[in-house]
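Take a look at the structure set out below.
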Amino acid sequence: MKIDTIAADESFTNVDLGVRRLKLNTEVRGVGPLSKRGFYLAFQDIGACIAIVSVRVYYKKCPAMVRNLASFSEAVTGADSSSLVEVRGECVGHSEERDTPKMYCSAEGEWLVPIGKCVCSAGYEEQRDSCMGHSFGMGTGFAMGAGIRTGAALAPSFLTMECVAQRSHPSAPSSSGWY
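Residue numbers (UniProt numbering): 1 to 179.
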């Protein structure tokens with residue numbers, strides 16, 4: 001498939017060569033969308049007094065990122081300047097879908113319009129785009145600065161968790177009836 005024929009807009013003269021003035025023609029062509037994996041570029045010079053100085057071939061993509069506890073892999077942008085490519089996110093470890101996480105990759109390689117999200121599973125809390133588990137033992141954080149106590153001593157027949165508000169914690173209730 002032939003894309004285009006490109007003619008020189010600027011040409012060299014003897015004066016240009018004498019003063020070492022280089023005139024460059026810059027042409028930009030878009031190719032796509034592609035239907036197969038890969039493509040060939042070919043150039044044919046049929047006698048014009050021009051030379052190809054350089055050719056730059058590139059594509060744009062949106063980088064991998066984590067947003068709303070969903071991981072989005074890098075995505076190649078659409079072929080048109082106004083196209084948006086929908087990308088579905090995967091929930092990070094120890095999180096679950098609340099609404100299907102999606103974002104759109106713009107033609108400029110920027111992520112747009114986050115939709116949906118993931119939430120941390122029970123026993124985990126959000127910390128810097130990930131879900132971290134609560135540590136077991138006194139001084140760890142559930143609501144009101146509660147600590148966690150586990151063990152057969154609380155219920156010998158099966159493992160249980162008991163949250164205990166620490167009196168020394170600033171958000172613990174001041175009532176002496178809390179244990």
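Note that the Cβ used here is the ideal one computed from N, Cα and C, for glycine as well. Remember, it's a predicted structure, so these values are computed and weren't measured experimentally.
Query - ASP129: first and last residue of the uninterrupted beta strand (DSSP E) it sits in - result: Counting along the chain, ASP129 falls outside any beta strand (DSSP E), and DSSP gives it neither H nor E.
Query raised in the report: Roughly how many whole angstroms lie between the Cα atoms of TYR124 and SER81?
Result: 41 Å
Query raised in the report: Are the CB atoms of CYS120 and GLU97 nearer to each other than 7 Å?
Result: no
Requested in this report: Spell out the partners DSSP gives TYR104 in its beta bridges.
Outcome: GLU86 and LEU112
Query raised in the report: Unbroken beta strand (DSSP E) runs of length 3 or more, entirely within the stretch 19-100: which are they?
Result: 65-67, 70-72 and 84-88
**Report entry** In DSSP terms, what VAL119 is bridged to
**Finding:** Answer is GLU96.
Query raised in the report: Sorted by chain position, which residues of the same chain lie with C-beta nearer than 6 Å to VAL66's C-beta, five sequence neighbours on each side aside?
Result: Sequence-distant partners of VAL66 (beyond 5 residues in either direction) whose C-beta falls short of 6 Å from its own C-beta, in its chain, are ASP129.
Query raised in the report: What does a CB cutoff of less than 7 Å around GLU86 pick up in its chain, not counting 5 residues either side in sequence?
Result: These residues qualify, in order along the chain: LYS102 and TYR104.
Query raised in the report: Among the residues of its own chain, which have a CB less than 6 Å from the CB of ASP4, if the five just before and after it don't count?
Result: ARG29
Query raised in the report: What's the C-alpha gap between GLY38 and GLU126?
Result: 41 Å
Query raised in the report: What's the gap between the Cα of TRP111 and the Cα of ALA70?
Result: 13 Å
Query - Burial state of PHE43, where buried means 16 or more other Cβ atoms lie within 10 Å - result: exposed
**Report entry** Contacts around GLY78, its chain only, beta-carbon distance under 7 Å, and the 5 residues preceding and following it disregarded
**Finding:** LEU84, VAL85 and ALA107
Report task. Kindly give me the distance between the Cβ atoms of LYS61 and ALA75, rounded to whole angstroms, as I take these residues to be in contact under 8 Å. Result -> 6 Å
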